[in-house]
Amino acid sequence: MSAARTVAVLGAGAVGACAALALQRRGFAVTLIDSGEPGSGASYGNAGILSCSGVVPVATPTILKRVPKMLLDPLSPLAVRWSYLPKLAPWLWQFVRAGAPDRVEAIARALAPLSHACIGHWRDMLGTDVFRAQVREVGNLAVYKTDASFETAQWAWDLRRRNGVRCEHLQGDALRQQEPALSPDVKHGMFVPDGANVVDPQATVQSAAAQLRAAGGTVRLGKVERVERAADGRPALRVDGASESFDMLTIAAGAHSRRFVRDLGGDLPLDTERGYHAMLPTPAVAIRHAVSSGDHEFAITPMASGVRLAGTVELGGLDAAPNWERAKILMRLAPTLFPGLDTRDAKLWMGFRPSMPDSLPVIGWLPGSDRVLLAFGHGHLGLSFGAVTGAMIGAMAAGAPPPVDPSPYRAERFG
Ligand SMILES: Cc1cc2nc3c(=O)[nH]c(=O)nc-3n(C[C@H](O)[C@H](O)[C@H](O)COP(=O)(O)OP(=O)(O)OC[C@H]3O[C@@H](n4cnc5c(N)ncnc54)[C@H](O)[C@@H]3O)c2cc1C
901 MSAARTVAVL GAGAVGACAA LALQRRGFAV TLIDSGEPGS GASYGNAGIL
951 SCSGVVPVAT PTILKRVPKM LLDPLSPLAV RWSYLPKLAP WLWQFVRAGA
1001 PDRVEAIARA LAPLSHACIG HWRDMLGTDV FRAQVREVGN LAVYKTDASF
1051 ETAQWAWDLR RRNGVRCEHL QGDALRQQEP ALSPDVKHGM FVPDGANVVD
1101 PQATVQSAAA QLRAAGGTVR LGKVERVERA ADGRPALRVD GASESFDMLT
1151 IAAGAHSRRF VRDLGGDLPL DTERGYHAML PTPAVAIRHA VSSGDHEFAI
1201 TPMASGVRLA GTVELGGLDA APNWERAKIL MRLAPTLFPG LDTRDAKLWM
1251 GFRPSMPDSL PVIGWLPGSD RVLLAFGHGH LGLSFGAVTG AMIGAMAAGA
1301 PPPVDPSPYR AERFG
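Under the working numbering, think of the first position of the sequence shown as 901, with each following residue one higher.
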């Protein structure tokens, strides 16, 4: 009997941990490597939403029009570190081009199959018992304080409907029945009944890593310095000055993936949208759903250890220190939706969304290679799409048909 082919997965976030488990289930001998504990990157601090409605790209004609005003508003969901602008310019240019109306329609169509498949794949990935313990299938709610903000959002809800997302407009008593603690100032809600949220994003990722380990896979702590090609052409990882080669490699290092692609002679326009959270340990208000503010674009999610306020986009690269004011803004805004919300003793966090300018992930082979797979760039939706991406990577490595057609996510789309 021939030995199982070896695969390294670089990065143990939601995407890498699921890819590793899916590869193992396809018969590969898997090493999952990360510089930290599994799920301690962006996958640690996200809003925990499994978004079956995640078809609207970040760049849209509406957003592009609002950008100048947003940059002047200190409470706005968008901030830019101006010193980073020269580095960001090529990414921004592609971002603006992706916001053209015909591109937005095409991107939404490309995101739809991942969105529709995402929750089912988490169930398959985790197994029914762990899934039930981790995931609340109670729907998601987006809320709006004014008629104007609700009206502005209608084109996005139409786009979602055109792409198969079920949603229901709620007002007055019907809205309060879903979410009793909402402020009377909230005028409109859009309920997405098929949405879900996890109660502890890091624990969800760690469940996948634990299953990998329990079935004989290796979960290794180590900082990868470089990706290399061994003399026989196989991919290799340099860790602590030593190089180890594998039959295959999956690069799933989230926002840090670009330099590993460069190590292999390629390049892709991956940047980061930094985001923040404030974890409230004693919220004092019962919240039933993951609630998104349509006015300020952040989420309020009930979790196992409290309520998490998460969101905001800061364009500032991987190196700048956090600006904790961005997280404190969420603590000022959230009680306007849930009066009485106790924000004392909040724990603040900042992390790096791995973002492609067209809001589509990269899932597939490194151009020109049949040994290196790429799985990164999931932006605002990497928790949601972690399991389905993992299943796709497992299938592609095994030469089997992936559960979702991978052609829209090919690296080659960037030329
Ligand atoms: C505030 C905020 C809210 C969000 N809310 C949601 C949400 O509600 N729903 C949703 O679907 N998505 C959400 N997201 C997005 C989501 O968190 C990310 O898209 C997702 O976590 C990306 O997963 P990943 O596995 O690609 O990357 P990561 O989780 O960042 O994992 C990459 C891993 O690579 C490792 N790594 C990097 N460099 C090296 C190296 N040199 N050597 C070894 N290891 C390395 C890192 O340590 C890390 O663990 C949110 C993001 C933010 C910031």
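For every residue, glycine included, the Cβ atom is placed at its ideal position computed from N, Cα and C.
{"Item": "Straight-line gap, D1147 to R981 (C-alpha atoms, nearest Å)", "Value": "41 Å"}
{"Item": "The region 982 to 993 / the region 1241 to 1252 touching (three or more Cβ pairs under 8 Å)", "Value": "no"}
{"Item": "9 Å Cβ cutoff met for V915 and A1275", "Value": "yes"}
{"Item": "9 Å Cβ cutoff met for M1179 and G1206", "Value": "yes"}
{"Item": "Cβ shell of G1095 (< 6 Å), same chain only, five flanking positions each side left out", "Value": "C952, G1039, N1040"}
{"Item": "Cβ shell of S976 (< 6 Å), same chain only, five flanking positions each side left out", "Value": "M970"}
{"Item": "Cutoff 7 Å; reference M901; Cβ partners in own chain excluding five residues on either side", "Value": "For M901, the predicted model reports a pLDDT of 42, less than 50, meaning its position is unreliable; a value from the coordinates is still stated below. Nothing listed; no residue qualifies."}
{"Item": "Top-ranked residue by Cα proximity to F1198, from L1218, A1186, I1229, P1181", "Value": "I1229"}
{"Item": "CA-to-CA distance, A1033 to P1101, given in whole angstroms", "Value": "12 Å"}
{"Item": "Coarse secondary structure for L1070, derived from DSSP in three states", "Value": "strand"}
{"Item": "Residue span of the alpha helix (DSSP H) that contains F928, given as start and end", "Value": "Counting along the chain, F928 falls outside any alpha helix (DSSP H), and DSSP gives it neither H nor E."}
{"Item": "Residues bridged to Y1044 (per DSSP)", "Value": "H1088"}
{"Item": "Within 9 Å, strictly: CB atoms of G1089 and V1043", "Value": "yes"}
{"Item": "Inter-residue spacing [alpha-carbon to alpha-carbon] between A1295 and P1302", "Value": "5 Å"}
{"Item": "Beta carbon of P1201 nearer than 9 Å to that of N1063", "Value": "The sequence as given places Thr at residue 1201; Pro does not occur at that position. In this structure, N1063 does not lie closer than 9 Å to T1201 by Cβ."}
{"Item": "At least 3 beta-carbon pairs within less than 8 Å: the region 1066 to 1074 vs the region 1011 to 1021", "Value": "no"}
{"Item": "DSSP three-state assignment for M901, whether helix, strand or coil", "Value": "Here M901 scores only 42 on pLDDT, less than 50, and its place in the model is too uncertain to base an answer on."}
{"Item": "Beta-bridge partners of L1137, as assigned by DSSP", "Value": "V1127, E1144"}
{"Item": "Closer than 8 Å: P865 CB and nearest ligand 1 heavy atom", "Value": "This structure cannot settle anything about residue 865, because the visible part of the chain is limited to 901 through 1315."}
{"Item": "Cβ neighbour criterion (16 or more within 10 Å) applied to D1258", "Value": "buried"}
{"Item": "4-residue-minimum alpha helix (DSSP H) runs that sit fully inside the region 1133 to 1218, ordered along the chain", "Value": "1158 to 1163"}
{"Item": "Neighbour-count burial assignment, Q1077, 16 or more Cβ in a 10 Å radius", "Value": "exposed"}
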